[in-house]
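Numbering (the numbering used here), first residue to last: 1 to 309. All C-beta atoms, glycine included, are put in the ideal place defined by N, C-alpha and C.
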Amino acid sequence: MKAKKPKVIFRDLNGILLLNKPLGLSSNAALQRARFIFRARKAGHTGSLDPQATGVLPLCFGEATKVSGYLLDSDKRYTTTVQLGQTSTTGDTEGEILNSTPVTEFSDETLQTVLDQFTGSIVQIPPMFSALKHNGTPLYKLARKGIEVERKQRKVTIYELNLLSRTTDTLQLDVRCSKGTYIRTLAQDIGDTLGFGAYITSLERTEVSPFDCSKIYTLEELEAMLEQQPDESLLDSALLPLDTALSHHPQIILDSAEASRIRNGLKVARHDIPNAPLIRVYDESGEFIGIGRFSSDGLLAPKRMMRTN
């Protein structure tokens, strides 16, 4: 008779982890593995990466899930490798090759002119192989059945589009962009403008605003940290505070009476309330207690409060 595996006891844990998502793993699968390592009772991710993409995937544990929605609007940065001369059904290496066009020589000046066309505010048509929904059905499910539907154009912003390197038929690009930007579509459009077609062969997310992404953790690193210190103290040191996700918003510090009021869902009168739709709220000890907003009556109103005690 096989011995039963010990039951995992999950714990209440609050914080944000910058995970380095590996190649070939879905964002949800990566989330579940990290959640199991930390034994976090509650977890969520903030904007998925395709299985064939790697890089920064912010994970929110516990009360941090309350701020995850605000991260969906964050600017992102990617490094991608673009294969010229072919197009793919999915815009990446997962799809079937549709067309092949010989890549003729073109100058750096020609390339820069094309890249400049896709810098700033641009319009994209989302790809069929995406998680966007049509009448409740994800587009990629329709695409797998050979069904194509009309998609609405959307405006996105490419803040930076830098050439890192190139060969005769490949480009390595650095892209800083707004939410909702499809790098696969950007690569295809660049390839089409050059006259050769294109698809991406690699995609790495290198930054998610407003985080400092200079240190992100692989699943293997997290497992090693737990093995080194089984009491989880070293592992938990990888977590960022909840308010890190909102560091670009104004803040206000309340005294004990004011903090008690807003924690109980009541508005607070102050002369120095930032006129902003989102305000980080702290108590006098410096603890982040939640998110407030400047209300129409000039008071500080609770928007989303944290329960960390």
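Taking residue i and residue j to be in contact with their CB atoms under 8 Å, please state how far apart those CB atoms are, rounded to whole angstroms.
i      : j      : result
Asp318 : Ile291 : The structure shown has nothing for residue 318, since the chain only spans 1 to 309.
Ser74  : Val208 : 5 Å
Tyr217 : Ala238 : 5 Å
Ile252 : Pro274 : 7 Å
Pro210 : Ser178 : With a Cβ gap of about 14 Å, Pro210 and Ser178 do not count as contacting.
Leu98  : Leu171 : Not quite, the Cβ-Cβ distance comes to about 19 Å (not below 8 Å), so this is no contact.
Gly197 : Gln86  : 6 Å
Arg41  : Leu23  : Arg41 to Leu23, Cβ: 29 Å. No contact.
Thr101 : Gln52  : Rounded, the Cβ-Cβ distance is 23 Å, inconsistent with contact.
By how many angstroms is the C-alpha of residue j removed from the C-alpha of residue i?
i      : j      : result
Leu25  : Ser260 : 44 Å
Arg270 : Leu299 : 7 Å
Cys213 : Ser256 : 34 Å
Asp231 : Thr244 : 25 Å
Asp236 : Pro302 : 29 Å
Gln117 : Tyr159 : 12 Å
Ile9   : Arg39  : 7 Å
Pro6   : Ala30  : 22 Å
Leu142 : Gly95  : 15 Å
Ile262 : Ile279 : 13 Å
Ser296 : Ser202 : 48 Å
Thr119 : Arg176 : 10 Å
Lys155 : Gln228 : 48 Å
Asp108 : Asp189 : 18 Å
Glu220 : Gly69  : 27 Å
Leu266 : Gln153 : 42 Å
Glu287 : Asn264 : 16 Å
His134 : Ala224 : 43 Å
Val312 : Arg293 : Coverage of the chain is limited to positions 1 through 309, which leaves residue 312 absent and any answer about it impossible.
Ser165 : Arg304 : 45 Å
His249 : Asp272 : 15 Å
Thr137 : Lys215 : 37 Å
Leu163 : Glu258 : 52 Å
Would residue i and residue j qualify as a contact pair, given that the criterion is a beta-carbon distance under 8 Å?
i      : j      : result
Leu71  : Gly47  : yes
Ile16  : Leu226 : no
Ser121 : Thr157 : yes
Lys76  : Thr54  : no
Ser88  : Tyr199 : yes
Phe106 : Leu194 : yes
Gly91  : Thr185 : yes
Leu173 : Glu63  : no
Asp169 : Val103 : yes
Val82  : Thr206 : no
Glu150 : Met128 : no
Ala34  : Leu234 : no
Met306 : Lys145 : no
Pro58  : Leu18  : yes
Report the option in the options whose CA atom is closest to the CA atom of residue i.
i      : options                          : result
Asp50  : Pro6, Val67, Tyr140 and Asp108   : Tyr140
Val114 : Met128, Thr170, Gly191 and Phe38 : Gly191
Arg11  : Arg304, Phe36, Asn135 and Val268 : Phe36
Gly180 : Ile125, Asp297 and Ser68         : Ile125
Tyr78  : Glu204, His249 and Phe61         : Glu204
Ala131 : Asp272, Leu266 and Ser27         : Ser27
Ser285 : Leu163, Arg304 and Leu254        : Leu254
Taking 7 Å as the cut-off, does the CB of residue i come closer than this to any heavy atom belonging to the ligand ATP?
i      : result
Gly180 : With respect to the ligand ATP, the structure shown offers nothing to examine, as it has no ligands at all.
Using beta carbons (cut-off 8 Å, strictly below), is residue i in contact with chain C?
i      : result
Tyr140 : The question asks about chain C, but that chain is absent: this structure has only one protein chain.
**OP:** Run through the stretch 17 to 105 for me and flag every whole alpha helix (DSSP H) of 4 or more residues, listed as ranges in chain order.
**Re:** 27 to 38 and 68 to 71
Original post:
What are the complete alpha helix (DSSP H) segments, minimum 4 residues, inside the stretch 151 to 225?
Top reply: As far as the stretch 151 to 225 is concerned, its whole alpha helix (DSSP H) runs of at least 4 residues are 183 to 194.
Original post:
Fully enclosed by the stretch 276 to 303, which beta strand (DSSP E) runs are 3 residues long or longer?
Top reply: 279 to 282 and 288 to 294
Original post:
Which residue spans inside the stretch 122 to 155 form an unbroken beta strand (DSSP E) run of at least 3?
Top reply: none
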